[in-house]
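Trainee:
There are 2 protein chains.
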Amino acid sequence: MGSAPDQLGWLKLVLAPDLGPGTLDGLDIRPDDYPALPDWPERDLERTGLPRKFIRSIKQPDAARLDAALQWLDHPSHHLVSRNDEYYPPLLRRIPDAPLALFVNGNPEWFLRPQIAIVGSRNATPGGLAIAREFSEDLSRAGLVITSGLALGVDGVAHRAAMDAGGITLAVGGTGPDQVYPARHRDLARRIVDNGAVISSFAPGVGPRAGHFPARNRIISGMSTGVLVVEAGIRSGSLITARLAGEQGREVFAVPGSIRNPMARGCHRLIRQGARLVESPDEIVDDLRPLIAELAGELRGLLAPRASTPSADANADAAAIDSGAPDPQVEALLAAVGYDPTSVDEIMARTELTTQAVSSMLLNLELQGRVAALGGGRYSRTGNDRESNCRETKRGKRTE
Amino acid sequence: MGSAPDQLGWLKLVLAPDLGPGTLDGLDIRPDDYPALPDWPERDLERTGLPRKFIRSIKQPDAARLDAALQWLDHPSHHLVSRNDEYYPPLLRRIPDAPLALFVNGNPEWFLRPQIAIVGSRNATPGGLAIAREFSEDLSRAGLVITSGLALGVDGVAHRAAMDAGGITLAVGGTGPDQVYPARHRDLARRIVDNGAVISSFAPGVGPRAGHFPARNRIISGMSTGVLVVEAGIRSGSLITARLAGEQGREVFAVPGSIRNPMARGCHRLIRQGARLVESPDEIVDDLRPLIAELAGELRGLLAPRASTPSADANADAAAIDSGAPDPQVEALLAAVGYDPTSVDEIMARTELTTQAVSSMLLNLELQGRVAALGGGRYSRTGNDRESNCRETKRGKRTE
């Protein structure tokens, strides 16, 4: 994830107290130059307008904290992913004040996959947890990465269910990457490292502080194509995540509940404020299709197969994108789609596959550029649908 | 309810097969002339453009049906309320194709009070029925008349709860007024006659037919300031009532429920289509305030005390409008409101009354023109607040 000197430069920026991304982004500095800033002569830094206290702190970083960070990074699954890195979460990059760099324990290549955040109360009801589990499993099987905040309650269930369904999950923590909060989720975090990644914008050594959670929530919503709130009391932090998602232009989904259930109040408030009321995971997949297609177009060049991809634990659908061998079920589906606009119903009738299987396969084929979504729920083959063409596309050689 | 010859004229119009209000309203006939039409010379009728078959049917009505209707009307609590009648439901009058006349068993003076329709599934869950009961009681106590369709399930519970709370309820049936459908609700209908009215646009002798229920639903929503759907399956007739309410420009309210509850699906669909998600009756009262205030202004002249008002069974709040004696609690409330804009919270603090009592009394005082709603939940006395002035207002002598 970037060269060693770059990494050191980014670390010095990230460790500088109170130097938010907003400070640098407001100055006339080329983003490519950010990691070199700590090495610039003071005179040049002054000329950029960077306040003197920041110049001092990036040139004289806290040695102990820098050491701790470097030591943490000295592990095969630990990474610092900067905003200049190709694996930086593409949707997060779009938000104002996107974090300069993320500490990552796990595989940052998953950041390139479309994510849905599933969040909710730490005190969810058993019914709410069951709904979180079902939505996470289904959305995971539909090819989406499940992102959440590693908290007790809905977050934990969402992470677990994604992995139980053979999918990928990303956990954004509110502490440094060397700590797990809550401690009770230590085993869960370890499992997530092998099936996704645990992420933090805080440096090693930073403990849990209430003031850090809004920043964490902003990353959760910023990385994701949409945020689903399953159950939330009227004062739940999940409502903050949802508000941030709205401000970031992301879809907000909320599950309604009985008016007797205080944990449904937050969801009801969101629905009143314009969140999409959802009764089933399918509705979410349908709503997210345009943004996912846009992302797929943007990332086509990056979705090349890599030796390092941990496909052993990945779900079958997701792995299919990287696999070279033609899958007979996929070929049958492509044949059923054909070159004319074809509805999902027609595809289902022709293949005798379930809605879920068809949706999941179409999503992956769309990401591969082998089918195109035409609006109105109809699809057609793009002509990029032969394995050889597909490879060309993945290597970024197509110029369209 | 109109003079005897007028009544006969209206009956002949209502009994004419297929002569909907739309037919007459499209012609160049003064509404005042409608009841005289059956007595007009054929030549004059032809000149209005009324199709020949209708001329025949209004001049030669079915004698047996006319007799049955006259016989039904020969009872002190039975009335025919025509569109020209001062008691015709004022909001119903505004809708296109408003029924020419309504058969009423009970007291039509209640039509002048603001109504909220509470409707829902015949197969509601016990939880749904409990919610229907609570909302009906609370809205009733807040001074609203509860209108519904006399069906099993939510409708029946809404009617009953309104009366149990000492309120008024109106039942709109899909059969002639001489029949009760479902038969199981015969006792309920009898009780409603004494505490409101049972209403139908169908003539005596007309039995239950599926095709009649949309017309009934249109009256339910048309009479009401808003429609609350408590529980409804995806094919429930309540969704038709809600759609009609929307078309008629009325507020639609829906109670959300668990996504596991199939009876919540219809409500969720409505919310997605723009209905207001409600968790408590207060929200409904707040939302309806502007339309109620508008109605109150329109009807001020009609709300005079009358000997015939069945205040014995009426709820205390409602009866207060018609009572001449000053109520010390009302006087205390008026003093608390004062002549400056005053919030409900301030009024509550000054009077030590509950929200519900204050809301209910304010609604009635607004109807009497003694306080004015100023927006933002604030009120002030109008200056019409002395009993003598109020009397003037009621007699319609004020010229403002």
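Each protein sequence line maps, in turn, to chains H and C.
Quick note: the first sequence, position 70, residue 70 per my numbering, numbers continuous.
Offset between the second sequence (1-based) and my numbering: plus 1000.
Beta carbons: idealized from backbone N, C-alpha and C, even for Gly.
These figures come from a predicted structure and were not determined experimentally.
In or out: Ile-1235/C buried (at least 16 other Cβ within 10 Å) or exposed?
Mentor: Rather than Ile, the amino acid found at residue 1235/C in this sequence is Arg. Counting Cβ neighbours within 10 Å, Arg-1235/C comes out exposed, since fewer than 16 surround it.
Trainee: Regarding Ala-101/H and the ligand MG, is the C-beta to nearest heavy atom distance less than 7 Å?
Mentor: Of ligands this structure carries none, so the ligand MG is not represented either.
Trainee: Between the alpha carbons of Arg-416/H and Val-180/H, how many angstroms are there, rounded?
Mentor: Outside the displayed range of chain H (1 to 400) lies residue 416/H, so it cannot be described from this structure.
Trainee: Rounded to the nearest angstrom, what separates Arg-1250/C and Pro-1126/C at their Cα positions?
Mentor: Arg-1250/C and Pro-1126/C: Cα-Cα distance of roughly 28 Å.
Trainee: Along the chain, where does the beta strand (DSSP E) that runs through Gln-115/H open and close?
Mentor: For Gln-115/H, the enclosing beta strand (DSSP E) covers residues 115-119.
Trainee: Which residue comes first and which comes last in the beta strand (DSSP E) that contains Arg-381/H?
Mentor: From DSSP, the beta strand (DSSP E) with Arg-381/H extends over 378-381.
Trainee: Could you name the residues of the same chain whose beta carbon sits closer than 8 Å to that of Ala-1312/C, not counting the 5 residues immediately before and after it, in chain order?
Mentor: With a pLDDT of 34 at Ala-1312/C, under the threshold of 50, the predicted position of this residue should be treated as unreliable, and no value is reported.
Trainee: What's the gap between the Cα of Leu-152/H and the Cα of Pro-1341/C?
Mentor: 47 Å
Trainee: Would you decide whether Asp-32/H is buried or exposed? Buried here means 16 or more other CB atoms lie within 10 Å of its CB.
Mentor: Exposed: under 16 other Cβ atoms inside 10 Å.
Trainee: Does the structure place the stretch 1069-1083 of chain C close enough to the stretch 1276-1289 of chain C that three or more beta carbon pairs sit under 8 Å?
Mentor: The stretch 1276-1289 of chain C and the stretch 1069-1083 of chain C do not touch, with fewer than 3 CB-CB distances between them shorter than 8 Å.
Trainee: CA-CA distance, Lys-12/H and Glu-231/H?
Mentor: 39 Å
Trainee: Give me the Cβ distance between Val-172/H and Ile-131/H, rounded to the nearest whole Å; I'm assuming they're in contact under 8 Å.
Mentor: With 8 Å as the limit, Val-172/H and Ile-131/H do not qualify as a contact, their Cβ atoms being about 22 Å apart.
Trainee: Check whether the stretch 1088-1108 of chain C and the stretch 1267-1278 of chain C touch, using three or more Cβ-Cβ pairs below 8 Å as the test.
Mentor: no
Trainee: When you compare only the Cα positions, how much space is there between Trp-110/H and Ala-1357/C?
Mentor: 58 Å
Trainee: Determine the burial state of Thr-1382/C: buried for a count of at least 16 other Cβ atoms within 10 Å of its Cβ, exposed for fewer.
Mentor: buried
Trainee: Examine the Cβ distances between the stretch 1325-1336 of chain C and the stretch 1259-1268 of chain C and report whether three or more of them are shorter than 8 Å.
Mentor: The stretch 1325-1336 of chain C vs the stretch 1259-1268 of chain C: no contact.
Trainee: In the stretch 1251-1272 of chain C, which residues sit with their C-beta less than 8 Å from some C-beta in chain H, listed in chain order?
Mentor: Val-1255, Pro-1256, Gly-1257, Ser-1258, Ile-1259, Arg-1260, Asn-1261, Ala-1264, Arg-1265, His-1268, Ile-1271 and Arg-1272
Trainee: For Gly-1266/C and Ser-1224/C, which I take to be in contact (beta-carbon distance under 8 Å), what is that distance rounded to the nearest angstrom?
Mentor: Contact annotation, Gly-1266/C with Ser-1224/C: C-beta distance approximately 18 Å; criterion of less than 8 Å not satisfied.
Trainee: Check the Cβ-Cβ distances between Glu-1279/C and every residue of chain H, and say whether any is below 8 Å.
Mentor: Closer than 8 Å to some Cβ of chain H, the Cβ of Glu-1279/C qualifies, so yes.
Trainee: Find out if the Cβ-Cβ distance for the pair Ala-242/H, Ala-373/H is shorter than 8 Å.
Mentor: no
Trainee: Quick check on the burial criterion: 16 or more other C-beta atoms within 10 angstroms. Buried or exposed for Gly-156/H?
Mentor: buried
Trainee: Taking the alpha carbon of Thr-48/H as the reference point, which residue from Thr-23/H, Asp-62/H and Ala-63/H has its own alpha carbon closest?
Mentor: Thr-23/H
Trainee: In terms of residue numbering, what span does the alpha helix (DSSP H) encompassing Thr-354/H cover?
Mentor: That residue, Thr-354/H, is in no alpha helix (DSSP H); it is neither H nor E in DSSP.
Trainee: Select from Pro-1114/C, Tyr-1087/C and Arg-1030/C the residue whose C-alpha is nearest the C-alpha of Gly-1106/C.
Mentor: Tyr-1087/C
Trainee: Applying the 10 Å Cβ sphere with the 16-neighbour rule, what's the burial state of Ala-1307/C?
Mentor: Because Ala-1307/C sits at a pLDDT of 33, beneath the cut-off of 50, its placement in the model cannot be relied upon, and the point is left open.
Trainee: Note down, in chain order, every chain C residue with its Cβ under 9 Å from the Cβ of Gly-473/H.
Mentor: No answer is possible for residue 473/H: the residues shown for chain H start at 1 and end at 400.
Trainee: So that I know if they touch, is there some Cβ in chain H lying closer than 8 Å to that of Ile-1131/C?
Mentor: yes
Trainee: Does the stretch 211-225 of chain H come close enough to the stretch 187-195 of chain H that 3 or more CB-CB pairs lie under 8 Å?
Mentor: no
Trainee: May I have the straight-line CA-CA distance separating Ser-1360/C from Ala-1158/C, to the nearest angstrom?
Mentor: 19 Å
Trainee: Excluding five sequence neighbours on each side, which residues of the same chain lie with their C-beta closer than 7 Å to the C-beta of Leu-402/H?
Mentor: The requested residue 402/H does not occur in the structure, where chain H is confined to residues 1 to 400.
Trainee: Which stretch, first to last residue, makes up the beta strand (DSSP E) that contains Gly-20/H?
Mentor: Neither: Gly-20/H is in no beta strand (DSSP E) and is coded neither H nor E.
Trainee: Could you give the distance in angstroms between the alpha-carbon of Ala-1203/C and the alpha-carbon of Leu-1363/C?
Mentor: 35 Å
Trainee: Look at the alpha carbon of Pro-466/H and the alpha carbon of Ser-82/H, and state the distance between them as a whole number of angstroms.
Mentor: Examination of residue 466/H is not possible in this model, given that chain H is present from 1 through 400 alone.
Trainee: Please report how far the alpha carbon of Ala-63/H lies from the alpha carbon of Ala-183/H, in whole angstroms.
Mentor: 28 Å
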